[in-house]
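To start, the structure under review is shown below, and the notes come after it.
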């Protein structure tokens, strides 16, 4: 009898804990913030003239937009940009109808990230390289969203500033996107994936870090996203229509934003491909293993709870202010 009472007490405690988390998640939920500062509405040309960024709501005028979120990346970003620009320029030479733009989003950096990115504007022109400098740090998800909402591409690639993924692997995610069929309302997403490298990465990690990684993966699978083994690879390709649909509803602005983005996509039944890409760990990561995993795990739980309680709702595409 005592054993049954202990089980009952444990279940009551768990139910109370769950209710408390539900209340906290609902009470602390923030709304979609698409407001941008006046300074964030403009980019600089090679002559220093300010011009207004376009909107994702406008028809596309380029084949590809590359959105690069960057926070204190003055040292790592040039290697990535050199590789990306070489690939994009060569592809354009081979196929003049291929047009592109690169949007570097400086996420409130304290170093010379903006100045470094503007060198590429001067070299290639503002039609090909634009710099969006955020007045304050929003987080990676917020930076990607702001860049995406200012892009002109028919398809939009999210790529990390550290160059961990070889930029030429764009062709792999592009093929994955093209192979998806049907594409309802021309919406589709192709995700670069490091899942094929998991055994190698586990061998290099401590038991504790491996436990955190698998714990996070379980939470993602159990609560939010099914069928995608690697939600966190920063190399994702969207059709313009899919980007507008998903980023208009995005709430999470920090590390777990990929999870919410793919959760939104699956709620809207947007087809998603997962494609293996080359990936190398680059020194200087902003992600702190223990605390970042805990923060992401908390965010994943809150994503699900906030949609369940109706604190967050899937939004219709809306323009930024």
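In full-length UniProt numbering, the protein residues as written are 1 to 321.
C-beta atoms are modelled at their ideal positions from N, C-alpha and C, and glycine is treated no differently.
Query: At least 3 beta-carbon pairs within less than 8 Å: the segment 239-254 vs the segment 168-188; Result: yes
Query: From 82, 265, 67, 298, residue whose alpha carbon lies closest to that of residue 101; Result: 67
Query: Given residue 213 as reference, the closest of 230, 223, 226 once Cα atoms are compared; Result: 230
Query: Which residues DSSP lists as bridging residue 131, in chain order; Result: 104
Query: Opposing strand residues paired with residue 50 [DSSP bridges]; Result: 44
Query: Collapsed DSSP secondary structure at residue 64 in the structure displayed; Result: strand
Query: Nearest to residue 104 (by Cα), restricted to the options 70, 178, 179; Result: 70
Query: Range covered by the beta strand (DSSP E) that runs through residue 114; Result: Premise fails: residue 114 lies in the alpha helix (DSSP H), 113-124, not in any beta strand (DSSP E).
Query: Contact check, residue 46 vs residue 147, beta carbons under 8 Å; Result: no
Query: For residue 115, the nearest candidate out of 144, 150, 140, 72 (CA to CA); Result: 72
Query: Segment contact flag, the segment 215-231 with the segment 254-261, C-beta cutoff 8 Å, min 3 pairs; Result: yes
Query: At least 3 beta-carbon pairs within less than 8 Å: the segment 133-150 vs the segment 32-45; Result: yes
Query: Where the beta strand (DSSP E) containing residue 163 begins and where it ends; Result: Careful: residue 163 lies outside any beta strand (DSSP E) and carries neither H nor E.
Query: Environment of residue 179 [buried if 16+ CB atoms lie within 10 Å]; Result: exposed
Query: Beta-carbon proximity check, residue 166 vs residue 90, cutoff 8 Å; Result: no
Query: Cβ-heavy atom distance, residue 182 to the ligand GDP, below 7 Å; Result: For the ligand GDP, the structure offers nothing, since it holds no ligand at all.
Query: Closest Cα partner of residue 281 within the set 194, 128, 303; Result: 194
Query: Whole-Å CB distance - residue 81 paired with residue 120, under 8 Å assumed; Result: 6 Å
Query: Nearest-angstrom Cα separation, counted from residue 155 out to residue 145; Result: 14 Å
Query: Selected residue, minimal CA-CA separation from residue 62, among 49, 182, 239; Result: 239
Query: Contacting residues, own chain, Cβ-Cβ under 6 Å from residue 79 (five flanking each side not counted); Result: 163
Query: Option in 108, 127, 112, 219 with minimal Cα separation from residue 75; Result: 112
Query: Minimum length 3: unbroken beta strand (DSSP E) runs contained in the segment 222-280; Result: 235-239, 272-276
Query: Pair within 8 Å by beta-carbon distance, residue 235 and residue 158; Result: yes
Query: Run of the alpha helix (DSSP H) containing residue 139, from where it starts to where it stops; Result: That residue, residue 139, is in no alpha helix (DSSP H); it is neither H nor E in DSSP.
Query: Counted within 10 angstroms of its Cβ, other Cβ atoms place residue 313 as buried (16 or more) or exposed; Result: exposed
Query: Helix, strand or coil at residue 69 [DSSP, three-state]; Result: strand
Query: Opposing strand residues paired with residue 191 [DSSP bridges]; Result: 236, 274
Query: Contacts around residue 205, its chain only, beta-carbon distance under 6 Å, and the 5 residues preceding and following it disregarded; Result: At residue 205, the pLDDT of 48 sits below 50, so the modelled position is not reliable; the number obtained from the coordinates is stated separately. Here the set comprises nothing.
Query: Pair within 8 Å by beta-carbon distance, residue 139 and residue 254; Result: yes
Query: Assigned secondary structure, residue 56 (DSSP; H/G/I helix, E/B strand, else coil); Result: coil
Query: Distance between beta carbons of residue 192 and residue 173, contact taken as under 8 Å; Result: 5 Å
Query: Residue 153, DSSP secondary structure in three states; Result: strand
Query: Nearest-angstrom Cα separation, counted from residue 299 out to residue 265; Result: 18 Å
Query: Residue 305 versus 56, 64, 118, 263, residue with shortest Cα-Cα distance; Result: 263
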